[in-house]
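Counting the sequence shown from 1 gives a position; my numbering is that position plus 662.
First comes the structure, then the notes that go with it.
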Amino acid sequence: MKRHIFLPLLTYPDATSEFIISNAVALAHHMQATLTVCAVEITIPNVSTRCRR
Numbered sequence: 663m664k665r666h667i668f669l670p671l672l673t674y675p676d677a678t679s680e681f682i683i684s685n686a687v688a689l690a691h692h693m694q695a696t697l698t699v700c701a702v703e704i705t706i707p708n709v710s711t712r713c714r715r
């Protein structure tokens, strides 16, 4: 049975570093596993808490 590794690539609060990505690739290679990544872009709209009347 083939091993699978999943790595979500996040953008908030900081983007996933290249160091983590390269380590995941090395780990997948070492384990003879497939590596699946998913880029998740998180955007938070600027919401004003101020009420206008």
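Backbone N, C-alpha and C define an ideal beta-carbon position, used for all residues, glycine too.
Keep in mind the model is a prediction, meaning the values are calculated, not measured.
Note: Pro-670 is bridge-paired with Cys-700 in the DSSP secondary-structure output. If the five residues before and after Cys-700 are omitted, its C-beta is found closer than 6 angstroms to the C-beta atoms of Pro-670, all from its own chain and listed in chain order.
In the DSSP assignment, Met-663 falls outside any alpha helix (DSSP H) and carries neither an H nor an E.
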